[in-house]
Amino acid sequence: MSYKFLLFDLDHTLLDFDTAEDIALTQFLEEQGVTEIQTYKDYYIPMNKGLWRDLEQGKITKPELVNTRFSRLFAHFGIEKDGAELALLYQQHIVQQGQTYAGASELLDSLTAADYEIYGATNGITAIQTGRMAHSDIAPYFNHIFISEQMGTQKPEALFYEKIAEQIPDFDLSQTLMIGDSLTADIAGANNAGMDSIWYNSKKLINNSSAQPTYRVSSYEEIKKLLL
Numbered sequence: 000m001s002y003k004f005l006l007f008d009l010d011h012t013l014l015d016f017d018t019a020e021d022i023a024l025t026q027f028l029e030e031q032g033v034t035e036i037q038t039y040k041d042y043y044i045p046m047n048k049g050l051w052r053d054l055e056q057g058k059i060t061k062p063e064l065v066n067t068r069f070s071r072l073f074a075h076f077g078i079e080k081d082g083a084e085l086a087l088l089y090q091q092h093i094v095q096q097g098q099t100y101a102g103a104s105e106l107l108d109s110l111t112a113a114d115y116e117i118y119g120a121t122n123g124i125t126a127i128q129t130g131r132m133a134h135s136d137i138a139p140y141f142n143h144i145f146i147s148e149q150m151g152t153q154k155p156e157a158l159f160y161e162k163i164a165e166q167i168p169d170f171d172l173s174q175t176l177m178i179g180d181s182l183t184a185d186i187a188g189a190n191n192a193g194m195d196s197i198w199y200n201s202k203k204l205i206n207n208s209s210a211q212p213t214y215r216v217s218s219y220e221e222i223k224k225l226l227l
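Just so you know, numbering that gives the first Met the number 0 puts the end of the sequence shown at 227, numbered straight through with nothing missing.
Next up, the structure:
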């Protein structure tokens with residue numbers, strides 16, 4: 000095992016998306032005059048996850064996801080609103096949320112000290128991911144963040160990784176490792192690209208998909224044991 004290039008997923012792997020989303024949604028919904036905030040969250044969160052799954056499967060486009068998810072939310076409660084306008088208002092709150100998981104910066108610090116080249120590989124929205132990373136404590140460890148919206152393709156498409164390869168000097172697929180929590184995006188994407196992968200399975204879920212990770216870990220310490 001000899002790796003040089005590490006591609007890290009961001010949300011749910013290093014960035015604490017659940018905390019970020021919860022805070023941003025609360026602020027956004029309060030701003031919109033919503034009083035039953037938890038009720039709105041209980042509908043929005045699974046609906047939003049479903050839209051991201053649809054994006055991975057090519058059923059919807061990124062603009063459709065971004066510009067309709069909040070209009071769908073309010074429509075469910077009988078309120079008509081402009082989805083694109085709501086998206087911009089929500090973005091003002093979520094971009095400020097740079098929470099990371101405990102130990103994330105220490106992990107990246109150790110890997111950097113061991114001369115790994117570290118890159119981000121995310122299906123997130125450019126303005127949101129850029130803002131959140133700027134508010135995090137892990138941004139300095141990355142050589143570059145590859146964001147699907149900028150790439151014109153997304154995980155798990157092999158093209159996403161092909162475009163990454165074009166932008167990394169002296170890139171070698173056999174020396175590259177994808178690290179992420181999502182079987183359907185990160186691990187399936189690595190499979191499609193012919194790349195080794197680590198499934199970061201902190202919740203210790205069962206793999207019921209066809210995606211096959213090279214390694215399985217449930218903690219940052221296990222990543223360190225593999226790579227250091």
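Note that CB positions come from ideal geometry on N, CA and C, so glycine has one too. None of the values given here were measured: they were computed from a predicted structure.
{"Asked": "Length-filtered (4 minimum) alpha helix (DSSP H) runs lying within the segment 116–201", "Found": "125–133, 147–150, 157–166 and 187–192"}
{"Asked": "Simplified DSSP assignment, three categories, for F73", "Found": "helix"}
{"Asked": "Alpha helix (DSSP H) segment containing Y43, residue limits", "Found": "I36 to E55"}
{"Asked": "S218 burial status per 10 Å Cβ neighbour count (16 or more: buried)", "Found": "exposed"}
{"Asked": "Pairwise C-alpha distance: A113 and I222", "Found": "13 Å"}
{"Asked": "Status (buried if at least 16 other CB within 10 Å, exposed otherwise) for D8", "Found": "buried"}
{"Asked": "Short Cβ contact (8 Å threshold) for Y140 with I167", "Found": "no"}
{"Asked": "CB of Q95 within 8 Å of CB of I127, strictly", "Found": "no"}
{"Asked": "Spatial neighbours of A210 in its chain, beta-carbon cut-off 7 Å, leaving aside the 5 residues before and after", "Found": "L182, T183, I186, A187 and N190"}
{"Asked": "Exposure label - H75; buried when at least 16 CB within 10 Å", "Found": "exposed"}
{"Asked": "Under the three-state DSSP convention, the category D10 falls into", "Found": "strand"}
{"Asked": "Meets three-Cβ-pair contact criterion under 8 Å: the segment 174–181 and the segment 4–18", "Found": "yes"}
{"Asked": "Helix, strand or coil at V65 according to DSSP, with G and I counted as helix", "Found": "helix"}
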